[in-house]
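Under full-length UniProt numbering, residues 1 to 332 are what the sequence shown spells out, in order.
Heads up, the thing below is written out as structure tokens.
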Amino acid sequence: MRIGSRRSTLALTQTGLIADRLRTLGHQVEIVEIVTEGDTNRASLSQLGGTGIFATAIRNALHDGRIDLTVHSLKDLPTAPADGLTVAAIPQREDPRDVLVARDGLTLGELPVDSVVGTGAPRRAAQLAALGLGLRTRDIRGNVDSRVELVRRGVVDAVVLARAGMSRLGRLDEVTEVIDPLQVLPAPGQGALALEIRTADTQLHEALHVLDHPDTRAAVTAERAVLARLEAGCAAPLGALAEISEDLDGRLEVSLRAFVGRLDGSFELRRSMTGPLDKAERIGHDLAQQLLDDGALEAFAPSDHPPEPPPGGHLPTDANPVTDIHHQRRGA
Ligand SMILES: NCc1[nH]cc(CCC(=O)O)c1CC(=O)O
């Protein structure tokens, strides 16, 4: 089987992990690199049409029959199902939390007021602002390597990344804090992979079944249902985390938490909901409804004082530092 992958180190690493498992199962596997517009065009993701652009190029290769299978980071995959394609397996996910990579081994609580934290994710910027620590955030883009490099070069004091990516790249030793989801909830689906194939490929679907992890599938189903219901898109200031545990009677249940907020920290809303595992999607929808009933749209409304767009758009991380887009000043 031919597995299509983006060319980034993280994508190739994740694809390699799945390829190894398939080889262990006795399959012949070839990795095909696909270059997407998101890899070549350095404009901001919102200008390019959101993170979905990565998925689209790969999905076209699936449709064309150039590849048979692809490994997505589930958090980068749009919630709308793709025509003629199926997520055949969602393997057990990595630790879904965010991590901090800061100068001098610092944690969030130790960073001095006005420290600059690099992140391109509105979700991270909004939750950092909501902490009220007086941290600035700077909009950055780029792969894990170039983001960590900004800390090494002293361009920013810290960056926030997914622990799963750092783990898969073997770079956990550079992490200075694993961020508690009480402070920053991860993106829906963070840490999970999705193996997508052509729906017509029923034999391959059958072969991939052993890689599917039902608890992970239930958890990410709940998280992505929040995202879908809020129609928030991939670049939304929304965090969601579902955890599976046993209730007092030994039945499996889903505990789902979510955050929505404004980038400048002027509005935040956190809610949670728990229910039976087989109602994961329903729980996600219901939690999203509760967020909406309690005023979630405030998080998506245009602000009275919109942040200054950086000159020339959002620059890649290998260019010169860009202006701060969000600045939460303590007491302001
Ligand atoms: N947005 C890019 C992206 N997509 C998936 C991961 C990490 C791996 C994962 O979450 O499964 C990352 C890097 C990051 O956010 O630090």
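Just so it is clear, CB atoms sit at the ideal spot from N, CA and C, and this is done for glycine as well.
Using a beta-carbon distance below 9 Å, is residue i in contact with chain C?
{"i": "M1", "result": "Here there is only one protein chain, and chain C is not present."}
State yes or no: is the C-beta of residue i nearer than 8 Å to some heavy atom of ligand 1?
{"i": "S73", "result": "yes"}
{"i": "A89", "result": "no"}
{"i": "T145", "result": "This sequence places Asp at residue 145; Thr is not what is there. False, no ligand heavy atom lies under 8 Å from that Cβ."}
{"i": "D139", "result": "no"}
{"i": "R187", "result": "A quick correction: the sequence has Ala, not Arg, at residue 187. Answer for A187: yes, Cβ within range of ligand 1."}
{"i": "D76", "result": "yes"}
{"i": "R136", "result": "no"}
{"i": "A192", "result": "yes"}
{"i": "L10", "result": "yes"}
{"i": "G165", "result": "yes"}
{"i": "A240", "result": "no"}
{"i": "A121", "result": "yes"}
{"i": "E268", "result": "no"}
{"i": "E94", "result": "yes"}
{"i": "R168", "result": "yes"}
Expressed to the nearest angstrom, what Euclidean distance is found between the alpha-carbon atoms of residue i and residue j?
{"i": "S245", "j": "D215", "result": "10 Å"}
{"i": "L108", "j": "L100", "result": "7 Å"}
{"i": "E174", "j": "G165", "result": "12 Å"}
{"i": "K279", "j": "A200", "result": "28 Å"}
{"i": "R257", "j": "L241", "result": "5 Å"}
{"i": "P309", "j": "V116", "result": "Note on P309: pLDDT 48, under 50, position unreliable in the model; the coordinate value appears next. C-alpha separation (whole angstroms): 17 Å."}
{"i": "H285", "j": "H63", "result": "30 Å"}
{"i": "R147", "j": "L291", "result": "32 Å"}
{"i": "V29", "j": "L22", "result": "7 Å"}
{"i": "R124", "j": "V151", "result": "17 Å"}
{"i": "V156", "j": "A301", "result": "29 Å"}
{"i": "T137", "j": "L248", "result": "42 Å"}
{"i": "I34", "j": "L208", "result": "22 Å"}
{"i": "D20", "j": "L133", "result": "43 Å"}
{"i": "N60", "j": "G250", "result": "44 Å"}
{"i": "E110", "j": "V159", "result": "14 Å"}
One question on the structure: do residue i and residue j come within less than 9 Å of each other, judged by their Cβ atoms?
{"i": "F267", "j": "A219", "result": "no"}
{"i": "R270", "j": "P237", "result": "no"}
{"i": "E89", "j": "A162", "result": "Residue identity check: residue 89 is Ala in the sequence provided, not Glu. Against a cut-off of 9 Å, the Cβ pair of A162 and A89 comes out as no contact."}
{"i": "Q289", "j": "R224", "result": "no"}
{"i": "G191", "j": "R97", "result": "yes"}
{"i": "T70", "j": "T36", "result": "no"}
{"i": "T9", "j": "D145", "result": "yes"}
{"i": "G4", "j": "I58", "result": "yes"}
{"i": "residue 404", "j": "T24", "result": "Any property of residue 404 remains undetermined from this structure, which presents the chain solely from 1 to 332."}
{"i": "A296", "j": "V260", "result": "yes"}
{"i": "P181", "j": "G142", "result": "no"}
{"i": "R66", "j": "R2", "result": "yes"}
Could you say which of the options lies nearest to residue i if we only look at CA atoms?
{"i": "T119", "options": "D83, V184, A88", "result": "V184"}
{"i": "A129", "options": "V113, R141, G142", "result": "V113"}
{"i": "V32", "options": "T56, G26, D68, V155", "result": "D68"}
{"i": "H72", "options": "I18, A102, V178", "result": "I18"}
{"i": "L12", "options": "L169, A200, P188", "result": "L169"}
{"i": "K75", "options": "L22, G84, V226, Q203", "result": "V226"}
{"i": "residue 363", "options": "L287, I197, T36", "result": "Residue 363 lies beyond the residue range present for the chain, which begins at 1 and ends at 332; the question has no answer from this structure."}
{"i": "I179", "options": "Q127, L252, Q203, R171", "result": "Q127"}
{"i": "L252", "options": "R21, P122, G275, E231", "result": "G275"}
{"i": "T221", "options": "E281, L135, M1, G4", "result": "E281"}
{"i": "S272", "options": "D249, E243, G265", "result": "E243"}
{"i": "H27", "options": "A55, V210, G84", "result": "V210"}
{"i": "L85", "options": "H205, E231, D264, R124", "result": "H205"}
{"i": "L77", "options": "L131, A187, V159", "result": "A187"}
{"i": "P91", "options": "R217, L172, D293, A121", "result": "R217"}
{"i": "L172", "options": "L287, V87, E94", "result": "E94"}
{"i": "D139", "options": "A301, A121, L111", "result": "A121"}
{"i": "L135", "options": "N60, G265, E231", "result": "G265"}
Cβ of residue i versus every heavy atom of ligand 3: is any distance shorter than 8 Å?
{"i": "L161", "result": "The ligand content of the structure shown is limited to ligand 1, which means ligand 3 is not among them."}
Original post:
What runs of the alpha helix (DSSP H), each 4 residues or longer, lie entirely inside the region 125-175?
Top reply: Runs found: 144-152, 163-168.
Original post:
Can you list, in chain order, the stretches of the beta strand (DSSP E) that have 3 or more residues and sit fully within the region 200-261?
Top reply: Positions of the beta strand (DSSP E) runs, each at least 3 residues long and wholly inside the region 200-261, are given as 238-246, 252-261 in order along the chain.
**OP:** Any chance you could list the alpha helix (DSSP H) runs of at least 4 consecutive residues sitting entirely within the region 48-119, in chain order?
**Re:** As far as the region 48-119 is concerned, its whole alpha helix (DSSP H) runs of at least 4 residues are 52-64.
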